[in-house]
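A.B. asks:
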Amino acid sequence: YGGLEGRIDESMKPIEADIYWGLGRVAQYTGKNADAMKYFRTLAANCSKSPIALRAALLCMKMTDLLIERNDSVEHRLEKAKALEVMLTISAGKPELMGYNINLGETYVILSERVDGEKVSYIQKAVTAFKKVPATDPFYAAAFYRLLDLEYKMLIESDMSDDAIIRDLQER
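Note that the sequence shown covers residues 2 to 173 in the working numbering.
1) Please classify Gly-118: is it buried, with 16 or more other beta-carbons within 10 angstroms of its beta-carbon, or exposed?
2) Alpha helix (DSSP H) containing Ala-136: first to last residue?
3) Taking Ile-157 as the reference, give the member of Phe-145, Gln-125, Val-134 and Ala-142 with the closest Cα.
4) Please classify Ala-54: does DSSP put it in a helix, a strand, or coil?
5) Ile-111 to Arg-147, Cα distance in whole Å?
6) Give me the residue from Lys-39, Met-88 and Ala-35 with the minimum Cα distance to Leu-55.
7) My output table needs one value for Lys-95: the three-state DSSP class, helix, strand or coil.
8) Looking only at C-alpha atoms, which of Pro-139, Tyr-109, Val-116 and Leu-68 sits nearest to Pro-96?
9) Does the beta-carbon of Leu-32 have 16 or more other beta-carbons within 10 angstroms, so that it is buried, or is it exposed?
10) Could you round the C-beta distance between Ala-84 and Met-38 to whole angstroms and report it? I think they count as a contact, below 8 Å.
11) Would Gly-106 pass as a contact of Ala-136 if the rule is Cβ separation under 7 Å?
12) Look up Thr-31 in the DSSP assignment and say whether it is helix, strand or coil.
13) Give every residue of the same chain whose Cβ lies closer than 6 Å to the Cβ of Phe-41, excluding the five residues on either side of it in the sequence, and list them in chain order.
14) How long is the line joining the alpha carbons of Tyr-2 and Glu-70, rounded to whole angstroms?
Okay, here's the thing in structure tokens:
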């Protein structure tokens with residue numbers, strides 16, 4: 002990953018996004034997708050005001066998908082979740098991209114099934130992501146159904162008896 006973290010000083014801040022963009026593109030072209038993903042995510046997270054931040058976040062997601070195709074590991078799923086979170090933070094003002102919350106929710110569902118001792122935590126994160134899918138999204142109904150299913154599972158898995166959650170589920 003080049004050891005660049007922490008080495009960008011104040012004099013380099015104006016070109017920080019360009020540095021990470023260049024490193025990401027070089028890594029991408031040389032087939033080092035894991036490195037490319039990290040550079041693009043760092044650019045998007047550290048330079049969110051940059052005009053290329055959203056593009057970098059989208060490329061980061063593309064890189065994580067390529068890594069998952071080769072090796073569907075927990076580590077790569079966690080990287081995908083991070084990439085989606087960064088992209089959704091940057092694109093908060095773009096409703097057309099809020100549908101990516103479905104991808105984030107599904108990523109957390111997969112993690113809930115694979116990471117021991119973290120099931121409820123990841124289900125809660127998935128629920129939060131599905132709640133952010135806008136009603137105008139073409140897949141809203143599917144996300145809403147998935148949300149209800151997960152909230153029910155969360156109640157069962159955690160042995161919770163929170164009356165407010167139960168009432169909320171009944172009202173829907």
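Beta carbons are placed, not taken as given, at the ideal position from N, Cα and C, and that holds for glycine.
C.D. replies: Inspection of the coordinates gives the following:
1) Position 117 of the sequence shown, counted from the start, is the residue given in the question as residue 118. Answer is exposed; the Cβ neighbour count stays below 16.
2) Here the question's residue 136 lines up with position 135 in the sequence shown. No alpha helix (DSSP H) contains Ala-136, which DSSP labels as neither H nor E.
3) Within the sequence shown, numbered from 1, the residue matching residue 157 stands at position 156. That would be Gln-125, whose Cα lies nearest to the Cα of Ile-157.
4) As a first step, residue 54 is located in the sequence shown; it is residue number 53 there, counting from the start. Helix.
5) For the purposes of this step, residue 111 is taken as the residue at position 110 of the sequence shown. For the purposes of this step, residue 147 is taken as the residue at position 146 of the sequence shown. Each residue's Cα considered, the two are about 13 Å apart.
6) Here residue 55 refers to the residue found at position 54 of the sequence shown. Ranking Lys-39, Met-88 and Ala-35 by Cα distance to Leu-55 puts Met-88 first.
7) Along the sequence shown, one-based indexing puts residue 95 at 94. Lys-95 falls in the coil class under three-state DSSP.
8) Numbered from 1 along the sequence shown, position 95 holds the residue referred to as residue 96. For Pro-96, the nearest C-alpha among the options comes from Pro-139.
9) Residue 32 sits at position 31 when you count from the first residue of the sequence shown. Checking the displayed sequence, the identity of residue 32 turns out to be Gly instead of Leu. When all chains shown are included, Gly-32 counts as exposed.
10) Here the question's residue 84 lines up with position 83 in the sequence shown. Here the question's residue 38 lines up with position 37 in the sequence shown. Yes, they are in contact, since the Cβ atoms of Ala-84 and Met-38 sit about 7 Å apart, within 8 Å.
11) Walking along the sequence shown from the start, residue 106 turns up at place 105. Walking along the sequence shown from the start, residue 136 turns up at place 135. In this structure, Ala-136 does not lie closer than 7 Å to Gly-106 by Cβ.
12) By one-based count along the sequence shown, residue 31 stands at place 30. It is coil, neither helix nor strand.
13) In the sequence shown, counting from the first residue as 1, residue 41 sits at position 40. Only Gly-25, Ala-57, Leu-60 and Cys-61 meet the Cβ criterion.
14) Within the sequence shown, residue 2 is the residue found at index 1, counting from 1. Within the sequence shown, residue 70 is the residue found at index 69, counting from 1. Its pLDDT being 45, under 50, Tyr-2 is placed unreliably in this model, and the value from its coordinates should be taken loosely. Roughly 21 Å between the two C-alpha positions.
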